[in-house]
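Structure first, then comments.
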Amino acid sequence: MEYPLVKDLVLIGGGHAHALVARMWAMDPLPGVRLTIVNPDPAAPYTGMLPGLIAGHYHKDDIMIDLVRLARFGKARLILDRVIGIDRDAKHLILQNRASISYDVASIDIGISSDLPNVTGYADFGVAAKPLGNYAAKWHEFVARDLPKPNLVLIGAGIGGVELALASAHRLAGKAAKITLIQRGVEALPNVGRTARAMLLDALRAANITLITDAEPARITADHVILQDGRQLASDFTLAVAGARAQSWLDQTGLKLHEGFVNVSPTLQSSDPAIFAAGDCAHLGFAPRAKAGVYAVRAAPILLHNLRAVLQKQPMRQFAPQRDYLKLISLGARAALADKWGLPLRGAWLWRLKDKIDRDFMAKFVEYPAMTGLTVPKHPVQGLTAAMGDQPLCGGCGAKLGSNDLTHALQSLPKPKRADVLSGRGDDAAILRAENGVQVITTDHLRAFSCDPALMARIAAVHALGDIWAMGAVPQAALAQVTLPAASGKIGREILAEIMAAAAQVFNAAGADIVGGHSTTGSELTIGFTVTGLADRAISKGQAQAGDALILTKPLGSGAIMAAEMAMARVDGMILGHVVAGAMAHMCQGQGAAAALLAPVAHAMTDVTGFGLAGHLLEMLQASKLSAVLHGTDIPIMSGAMAVLGAGYHSSLSPANLAATEGQIIGASPEVLGILNDPQTAGGLLVAVPAQDAPDLVARLRAGGDGAQIIGRLRAGPPLINVV
């Protein structure tokens, strides 16, 4: 039994302090508090390892904190969006792409930007070192161009600029690269000791990096940086590392700011006691310090304590930042320089020390402590171990009953007796006689696999509409059925309001009205919709013809990906958060336009959901008395799906799907068999169309944003799937 939700704690941004807070919170959550993390990206980079990434010592997944895995560990709601304002009177956070959310206590850790908005041409041709996610991607693209004599200009010769210049020189060694470092002031490296500065300047000279001081850029073009004194510097890659700029939306919050940064007290509270701040976006007004990640890391335990304290009305603690800290500065190759209290050291052993410190930090977000769950009893009753399975119970369509069990359960269902009920079970929706054609009706529910009610509502709405679209009908009306988790009246109202607003957006876009529904309280969030649609004729599964081409409008893999997310999977070379975000985007994509294009020419159509492509295709083949040939390499698959399947992660429904299709699929490798039986949530349409029409239809679907693909053809024969 979960505690009822009574308070909302929202972490705005996935910076280092917040990542540590979320991890520590997960180890000892405060009962009754819902933790939410809002960040535009599903992974947050660790800045300490950026120079190593640029130099080629690390892979991208080495330096990324996977917020999706972190949120799953902490049972937190992760919202992939950007906060752009705060309504402090209503205690609402204004989001860029969706409705606002409430907070009781909030904390801001959104980092800074090093861009140069006032420099002409920067927006088109410059790259900012911070936020560094975009920089890492742009750098990868630049290196892949493999220019013979690349020119680089870095604007800003502080510690960060020097580190990145040296890292760039190391990565481009042998390319005759020309690297220029520009400093606005008369002296580079203003925040290091004199001896350390001299050693770093020697390192720049040894790497043939040109340093220009007392200079500022006036204009940036595709291949040059023009300085204010008229000098022109050739540049194929222009990077801004100059200074730090706060995000502009903070100006509108009414919080007390210092040069755009949130001014905080020793308790890390802003001028509004319900709003905290940490990391580079905060100004330590009581003890000003340079922007450095070490302060965010050291502040995290104090921030966690005070967030809990303010929620519990308990005494808070004060943050006392150290006056100086050990600066470990990368030198491009696997060597580093250390500077503290003006006593510099240099050598490969310092790189190894820095590498260990950085990897130890990242290890906190790689291997999470095992959380206690249901275990098999010492002496289980017969069948219990098999019923529990080897995977967590999936949400979404992966939580439904297996095909064989469902068929058996429905065998005793009587045939429709009313003359206006044209068909009942057996197709995607029931068909009713209407005045000018037919009306179809269906219902679908999803057990939540995300703590974000609005996201789940969008996916559940698209999922329920799939049956209407598969029948070739135009959506008409919807009723919601929602099971809410235990919560206070305020939070319960807000959760339901989020669900209904998100669902209304999907149904309205599809041309349907959401007209009401029913709610109840239970142990977990479940969202469902009963939907009706209208059509001149209903498209069934049983009218496919030999020679038809098979079109699939969405890629496969959501079942395996979400199973991996539930298990907080680690797969080498892959950032799970990016894979999950991609799968969520596919699940949120409606199929109304695709259905409208396909319905007029489709002989048969269905949507691919819980029984997987194989199960739903076999339903079509059995109803149409045909066989199918699938081209295995043409089947669209979500990014990362085959990797997680290969690592052993699969939906809890997959074994039932494999059993239901056993002996009916030939020629498939184990990997292809796994993806064919992967249960989909809000999956694509599977359509049988005349072969001559298929290429044009696919081209038009792709032009409209659907990832459609011709995956095979139908032929005479028994209901078998032959994979070639």
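FYI, my numbering numbers position 656 of the sequence shown as 675, with every residue one higher than the one before it. Here a beta-carbon is modelled for each residue, glycine too, at the ideal position from N, C-alpha and C. Predicted model only: the values in this text are computed from it and were never measured.
Reduced DSSP secondary structure (H/G/I, E/B, other) of residue i
{"i": "Gln-683", "result": "coil"}
{"i": "Leu-49", "result": "coil"}
{"i": "Lys-197", "result": "strand"}
{"i": "Lys-157", "result": "helix"}
{"i": "Arg-96", "result": "strand"}
{"i": "Phe-305", "result": "coil"}
{"i": "Gly-724", "result": "coil"}
{"i": "Phe-295", "result": "strand"}
{"i": "Arg-437", "result": "coil"}
{"i": "Phe-338", "result": "coil"}
{"i": "Ser-673", "result": "helix"}
{"i": "Lys-275", "result": "coil"}
{"i": "Asp-221", "result": "helix"}
{"i": "His-111", "result": "strand"}
{"i": "Lys-168", "result": "coil"}
{"i": "Arg-42", "result": "helix"}
{"i": "Gln-251", "result": "strand"}
{"i": "Asn-423", "result": "helix"}
8 Å contact criterion, which residue i and residue j should meet: CB distance rounded
{"i": "Ala-265", "j": "Gly-175", "result": "Actually they do not touch by this definition, with Cβ atoms about 17 Å apart."}
{"i": "Ile-56", "j": "Leu-69", "result": "Not confirmed; about 22 Å, so no contact."}
{"i": "Leu-86", "j": "Pro-61", "result": "6 Å"}
{"i": "Ala-678", "j": "Asn-423", "result": "7 Å"}
{"i": "Ser-658", "j": "Val-599", "result": "No, Ser-658 and Val-599 are not in contact; Cβ-Cβ is about 10 Å, not under 8 Å."}
{"i": "Ile-231", "j": "Ala-237", "result": "With a Cβ gap of about 14 Å, Ile-231 and Ala-237 do not count as contacting."}
{"i": "Glu-235", "j": "Gln-251", "result": "About 14 Å separates the two Cβ atoms, so there is no contact after all."}
{"i": "Trp-370", "j": "Asp-343", "result": "21 Å between Cβ atoms; not a contact."}
{"i": "Val-525", "j": "Val-481", "result": "6 Å"}
{"i": "Ala-727", "j": "Thr-572", "result": "5 Å"}
{"i": "Val-493", "j": "Gly-536", "result": "That belief does not hold up - the Cβ atoms of Val-493 and Gly-536 are roughly 21 Å apart, past 8 Å."}
Residue i, enclosing beta strand (DSSP E) - first and last residue
{"i": "Ile-127", "result": "124 to 127"}
{"i": "Ser-133", "result": "Element bounds for Ser-133: n/a, residue is neither H nor E."}
{"i": "Asp-358", "result": "352 to 358"}
{"i": "Ser-119", "result": "Premise fails: Ser-119 is in no beta strand (DSSP E) and is neither H nor E."}
{"i": "Met-83", "result": "83 to 85"}
{"i": "Leu-362", "result": "No beta strand (DSSP E) contains Leu-362, which DSSP labels as neither H nor E."}
{"i": "Arg-238", "result": "236 to 239"}
{"i": "Pro-494", "result": "493 to 504"}
{"i": "Pro-64", "result": "62 to 64"}
N-terminal and C-terminal residue of the alpha helix (DSSP H) that residue i is part of
{"i": "Ser-325", "result": "The residue you asked about is not Ser; residue 325 is Asn in the sequence shown. Taken as a continuous stretch (DSSP letters only), the alpha helix (DSSP H) holding Asn-325 covers 312 to 331."}
{"i": "Pro-472", "result": "472 to 489"}
{"i": "Met-381", "result": "367 to 382"}
{"i": "His-635", "result": "631 to 643"}
{"i": "Pro-70", "result": "69 to 74"}
{"i": "Gln-458", "result": "Unbroken run through Gln-458 is the beta strand (DSSP E), 456 to 466; no alpha helix (DSSP H)."}
{"i": "Gly-511", "result": "508 to 528"}
{"i": "Asp-626", "result": "Asp-626 -> not in any alpha helix (DSSP H); beta strand (DSSP E) instead, spanning 623 to 626."}
{"i": "His-243", "result": "Here His-243 belongs to no alpha helix (DSSP H); instead the beta strand (DSSP E) covers 243 to 246."}
{"i": "Val-259", "result": "It is Ala, not Val, that sits at residue 259 in the sequence shown. First-last for Ala-259: 256 to 259, but that is the beta strand (DSSP E), not the alpha helix (DSSP H)."}
Close beta carbons around residue i, own chain, < 7 Å, minus the five adjacent residues each side
{"i": "Met-587", "result": "Arg-88, Arg-91, Phe-92, Tyr-387"}
{"i": "Leu-157", "result": "The displayed chain sequence assigns Lys, not Leu, to residue 157. Answer for Lys-157: Val-146, listed in chain order."}
{"i": "Leu-72", "result": "Lys-79, Ile-82, Ala-155"}
{"i": "Arg-117", "result": "Asp-100, Ala-473"}
{"i": "Asn-527", "result": "none"}
Local Cβ density within 10 Å of residue i, reported as buried at 16 or more and exposed below that
{"i": "Val-663", "result": "buried"}
{"i": "Ile-376", "result": "exposed"}
{"i": "Ala-621", "result": "buried"}
{"i": "Thr-461", "result": "buried"}
{"i": "Pro-169", "result": "buried"}
{"i": "Thr-272", "result": "buried"}
{"i": "Asp-591", "result": "exposed"}
{"i": "Ser-507", "result": "exposed"}
{"i": "Lys-373", "result": "buried"}
{"i": "Asp-270", "result": "exposed"}
{"i": "Met-46", "result": "exposed"}
{"i": "Leu-362", "result": "exposed"}
{"i": "Tyr-77", "result": "buried"}
Contacts around residue i, its chain only, beta-carbon distance under 6 Å, and the 5 residues preceding and following it disregarded
{"i": "Asn-741", "result": "Val-648, Ile-685, Gly-686"}
{"i": "His-16", "result": "Outside the displayed span of the chain (20 to 743) sits residue 16, for which this structure offers no information."}
{"i": "Gly-414", "result": "Arg-466, Ala-467, Phe-468"}
{"i": "Ala-306", "result": "Pro-340"}
Neighbourhood of residue i by C-beta distance below 8 Å, restricted to the same chain and skipping five residues each side
{"i": "Ile-228", "result": "Ala-184, Leu-185, Ala-188, Ile-198, Thr-199, Leu-200"}
{"i": "Leu-616", "result": "Leu-716, Arg-719, Leu-720, Gly-723"}
{"i": "Ala-710", "result": "Gly-566, Asp-567, Ala-568, Arg-732"}
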